[in-house]
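Asks: In full-length UniProt numbering, the protein residues as written are 1 to 249. Here it is, the structure in full.
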Amino acid sequence: MLPGQKMHDAIPQRVAVQLLLALDYAHTIGVIHTDIKPSNVFVLLEDESLISASYLPATAADPAAFDPSTKSWLIKSQPIALYCPDFKLTSEVNIALDDWGVATWSNAHLTVLIQPVPLQAPEVLTWASWGSTVDLWNLGAMLLEATRGKRMFSGKTPPDGKYDIRMHLREIEEMFGPFPKLFLDAGDPEIIQDCFDEDGKVKHFSNFSRPALESPWCMEGLTHETSILLSAFLRKVMKMDPTKRENTM
């Protein structure tokens, strides 16, 4: 989508609806995407002349891309930075979910390594069994990043910023509450023992805190009504218990 950019506050809802439609279809036919991230969500061009009339003439040719055998230029795919639809006209904004190359079957997983690490569902982090609802968590975790420029989770620890799964789980715990016992029982025993105490709380980083999901930090720039709707949606698709996540279609 648009890295580092914030969209009109009506856009998150439209993006979410269209992604849910894509996932609803995929899950109905037994396919799990497993790799939902901002770079796999594309804003569709309504006017293709933006490429031929505006973008190509303003783009310098790369001599190294010339193919003497065909006397043609090979143009690499790259972002069209100048394209920006009128985000006030939300009915004109359409998106597509791309890159199904690492998708898997619901009943026969092709790999156990799925999802970008910061966007991984809790059951993926703890090596529990997983199904199509990992896509719903993935969508929710990605939505703020794609539309508001806010990354929900990073797992980075001070002072060097190295990733630590325990910090990642602590971030999730802070935002969505304690992990249910049934969820912990389903995870890999070694990971659970290393990351959680006997009360089911993340062992480390007890002094870490972060703003609530409904806070201005997460919902910066949105109207109060829109922030309430968005946070409620995220709480539906990002429930700790994978079986209780709602497609909401």
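Quick reminder that beta carbons are idealized off the backbone N, C-alpha and C, glycines included.
(1) Should Trp105 be labelled buried (16 or more other beta-carbon atoms within 10 Å of its own) or exposed?
(2) So, helix, strand or coil for Met240, using DSSP?
(3) Just to confirm the assignment, what range does the alpha helix (DSSP H) spanning Val134 have?
(4) Using only the heavy atoms of the ligand SAH, determine whether one of them is closer than 7 Å to the beta carbon of Val41.
(5) What separation, rounded to the nearest whole angstrom, lies between the Cα atoms of Leu82 and Leu45?
(6) I'd like the list of long-range same chain contacts for Asp185, defined as Cβ closer than 6 Å, with 5 residues on each side in sequence excluded.
(7) Consult DSSP for Lys162 and reduce its assignment to one of helix, strand or coil.
(8) Hey, Lys37 and Met175 are a contact pair by Cβ (cut 8 Å); roughly how many whole angstroms apart?
(9) To the nearest angstrom, how far is the alpha carbon of Lys88 from that of Asn94?
(10) Near His27, what residues of its chain come up, given a Cβ to Cβ distance below 6 Å and the 5 sequence neighbours on each side ignored?
(11) Using 8 Å as the threshold, is the C-beta distance between residue 266 and Val134 below it?
(12) From the DSSP secondary-structure annotation, give me the bridge partner or partners of Phe196.
(13) Can you tell me which of Gly140, Ser215, Leu144 and Trp217 puts its alpha carbon nearest to the alpha carbon of Asn247?
(14) Taking Cβ to Cβ, would you say Leu68 is nearer than 8 Å to Leu230?
Replies: On the basis of the data shown:
(1) The residue given as residue 105 occupies position 105 in the sequence shown. By the 10 Å Cβ count, Trp105 comes out exposed.
(2) Taking the sequence shown and counting its residues from 1, one reaches residue 240 at position 240. Three-state DSSP puts Met240 in coil, outside helix and strand.
(3) Locating residue 134 in the sequence shown gives position 134, where the first residue counts as 1. Counting along the chain, the alpha helix (DSSP H) containing Val134 begins and ends at Val134 to Arg148.
(4) Here there are no bound small molecules, and the ligand SAH is not part of this structure.
(5) Here residue 82 refers to the residue found at position 82 of the sequence shown. Here residue 45 refers to the residue found at position 45 of the sequence shown. With a pLDDT of 45 at Leu82, under the threshold of 50, the modelled position of this residue cannot be trusted, and the question is left open.
(6) By 1-based counting over the sequence shown, the position of residue 185 is 185. Counting only Cβ-Cβ distances below 6 Å, and skipping sequence neighbours, we find nothing.
(7) Within the sequence shown, the letter at position 162 stands for residue 162. DSSP places Lys162 in strand when its eight states are reduced to three.
(8) Here residue 37 refers to the residue found at position 37 when the sequence shown is read from its first residue. Here residue 175 refers to the residue found at position 175 when the sequence shown is read from its first residue. About 19 Å separates the two Cβ atoms, so there is no contact after all.
(9) The residue labelled residue 88 in the question sits at position 88 within the sequence shown. The residue labelled residue 94 in the question sits at position 94 within the sequence shown. Low confidence applies to Lys88: its pLDDT is 49, below 50, so where it sits in the model is not reliable, and the reading given next is rough at best. One C-alpha to the other measures close to 13 Å.
(10) Position 27 of the sequence shown holds residue 27. Answer for His27: Ser132, listed in chain order.
(11) The structure shown has nothing for residue 266, since the chain only spans 1 to 249.
(12) Indexing the sequence shown from 1 puts residue 196 at position 196. Its beta-bridge partners are Val202.
(13) Here the question's residue 247 lines up with position 247 in the sequence shown. Here the closest residue by C-alpha is Gly140.
(14) On the sequence shown, position 68 is the one that residue 68 refers to. On the sequence shown, position 230 is the one that residue 230 refers to. Note on residue identity: the sequence assigns Pro, not Leu, to residue 68. In terms of Cβ geometry, Pro68 and Leu230 do not form a close pair [threshold 8 Å].
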